[in-house]
Amino acid sequence: MLASEDVPIAVIGRFVDRSVSTVLSWFRDWHNSRLASVVTGHAGSENAAKLTSAQKEEAREALACPPSESGVPAEFWDVPTLEKLVSLRFDVEYESDSSLHLLMKFCGMSFKYPDAFDGRRDEQNIATRMAEVRDQVTGLMEAGYEVFAADEVRLDHEAETRRTWLPIGVRTNMHVDREKAAQSYFGALNLASGNVHLERIEGRQNAEQMTHVLARFQRAHPNSKIAIVWDNASWHHAKELKRLFEPGQIFDTITLIPLPPYAPDHNPIEHVWNHSKAAIANIQHETPSHTFSAFENYIRGRNFHYSFENLPVTEHSSDLVQFPPYSVLKGPATANQRSLDMLPQAQLTNLRERKFGITPTRVCGTRRSHSETPAGVPTIPTTRTILQRIFNPIEF
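The working numbering puts the last residue of the sequence shown at 396; the count rises by one with no breaks.
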């Protein structure tokens, strides 16, 4: 269209951000195949989406159930399984896996590790027991108790190397500290304040070390009625440790509340460990002591407002599929994307206008009257301006 108005090729190239030779190749394709050459560079529209919108919605519904319910003999969804579904149900075959990857994302799937739980886990018993735990914790807090969610964790220090771009034919050496070290911790999350009482465990996690740790923990809370919610680790049930909680013993002021078995995701302190480990992961510290200090400083320097009613756990719509709470994504979900999808529509529209400087209708190039267009904003922005505004990340 620009060339038909005698616009120079160099200007067209700058307008679409392409070289002159690329623009000339487009003209040659246009003369050879005319309108068919416009569709993503392939004559005959061979690269267009093969499934219709209705078929994609049908595929989305199929992926919400196990593959066996769709006639595909498989235990979980992956790219080959989706390829079989598309072939059997729609008689369509994609030539590249990237098209199937895009279809997976369209259907609300993401490539990630599943949450692995023990096969002996009983969801019904867990739900019943957690209801009892919540009621007991609420009653104790109303009675003036300090309630803690407690657990142990092991932190490992080890140097790891990752792939990077290096010269071909040249051996690249990196000198690192090959020392491996580990440190175990006992942590107790105060469910009221969000503070974490953190203690190092010397040696292995066992009943003897737990006795020393609990003694230090008790001395840190001398005038408080204390309740501890923890899991069913073997050393928690050791006879020599359980005897110390009996009346007249050193830990008789501590009330113990056991969690249901095989349910670590219901313990708030577990999410403190996960959050803290992720914060210092992939950061190579010089020595193990630096790694352990970074972990301790991170936990002691902030509050974690987790409770049995407020846990970062996402409900699953099925045993195999977890749909994100936002609409179709064109790539991996980011924190900003998730935050945007939680905003009301009016607030989201206002945010887009402040970031882009144009409303969605003007992005599409729709002509507006002079009274509707703000001063200084072009009615139809250029292609480069649109792309820059759309793909720049939204900052908060």
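We put the beta carbon where it would ideally sit given N, CA and C, even for glycine.
This one's a predicted model, so the numbers in the text were calculated from it and none came from an experiment.
Where residue i sits in the DSSP three-state scheme
i      : result
Ser307 : coil
Val86  : helix
Arg354 : For Arg354, the pLDDT reaches just 49, beneath the cut-off of 50, and the residue's location in the model is therefore unreliable, although a value from the coordinates is still provided. Here Arg354 sits in helix by DSSP.
Val170 : coil
Asn297 : helix
Pro258 : strand
Glu246 : coil
Asn232 : coil
Asp151 : strand
Glu199 : strand
Ile12  : helix
Leu189 : strand
Ile455 : Residue 455 lies beyond the range of the chain shown here (1 to 396); nothing can be said about it.
Glu160 : coil
Ser19  : coil
Ser110 : coil
Gln183 : strand
Glu5   : helix
Glu58  : helix
Member of the options whose CA lies at the smallest distance from the CA of residue i
i      : options                        : result
Ser307 : Val79, Val133, Arg129, Met1    : Val133
Glu202 : Ser193, Phe186, Gly119, Leu191 : Phe186
Val213 : Ala192, Cys107, Leu241         : Leu241
Val272 : Asn310, Pro288, Val7, Leu51    : Asn310
Ser53  : Leu103, Trp77, Arg18, Asn32    : Leu103
Ala182 : Thr81, Pro288, Thr164, Thr255  : Pro288
Glu158 : Ile283, Ser25, Ser21, Asp6     : Ile283
Arg204 : Arg163, Arg154, Lys180         : Arg154
Asp135 : Asn223, Val20, Ile257, Thr164  : Ile257
Asp156 : Asp97, Ser184, Arg120          : Ser184
Thr161 : Gly139, Pro114, His285         : His285
Ser110 : Ser21, Ser96, Val79            : Val79
Sequence-distant residues of the same chain with beta carbon closer than 8 Å to residue i, five excluded per side
i      : result
Glu83  : Glu93, Tyr94, Leu100
Phe217 : Phe186, Ala188, His197, Glu199
Val23  : Ile9, Ile12, Gly13, Val16
Phe304 : Leu189, Gly194, Val196, Pro268, His271, Val272, His275
Ile250 : Ala215, Gln218, Leu244
Ile280 : Thr291, Ala294, Phe295, Tyr298
Ala116 : none
Ile254 : Leu214, Gln218, Ile226, Ala227, Ile228, Phe245
Pro67  : Pro73, Ala74, Glu75, Phe76, Trp77, Thr81, Leu85
Ala143 : Lys225
Ala3   : Ile9, Ile12, Phe27
Lys180 : Asp156, His157, Glu158
Proximity test, Cβ basis, 8 Å: residue i and chain D
i      : result
Ala192 : The question asks about chain D, but that chain is absent: this structure has only one protein chain.
Cβ distance (whole Å) where residue i is taken to contact residue j below 8 Å
i      : j      : result
Val72  : Val137 : No, Val72 and Val137 are not in contact; Cβ-Cβ is about 45 Å, not under 8 Å.
Tyr145 : Lys225 : 5 Å
Leu51  : Ser70  : With a Cβ gap of about 15 Å, Leu51 and Ser70 do not count as contacting.
Met141 : Ala192 : 7 Å
Cβ neighbours of residue i in the same chain (closer than 6 Å, five flanking residues each side left out)
i      : result
His266 : Met130
Ile126 : Pro260, Ala263
Asp118 : Tyr262
Glu5   : none
Met1   : none
Gly301 : none
Close-in-space but distant-in-sequence residues of the same chain around residue i (CB under 7 Å, 5 per side omitted)
i      : result
Pro264 : Asp231, Glu270
Leu166 : Thr172
Arg120 : Tyr262
The ligand ADP heavy atom lying under 7 Å from the CB of residue i
i      : result
Glu240 : Absence of the ligand ADP from the depicted structure is noted, as is the absence of any ligand whatsoever, leaving it without description.
Contact the region 206–222 vs the region 232–249: 3+ CB pairs below 8 Å: Between the region 206–222 and the region 232–249 there are three or more C-beta pairs closer than 8 Å, enough to call the two in contact.
Using a Cβ distance threshold of 8 Å, determine whether the region 50–60 contacts the region 76–90, with at least three qualifying pairs required. Yes, the region 50–60 touches the region 76–90.
For the 8 Å Cβ check, are there 3 or more pairs between the region 218–232 and the region 292–305? In short, these stretches do not touch, since the Cβ pair count stays below three.
Under 8 Å, with one C-beta from each stretch per pair, do the region 145–155 and the region 172–180 reach the 3-pair mark? Contact between the region 145–155 and the region 172–180 is absent, with fewer than three C-beta pairs closer than 8 Å.
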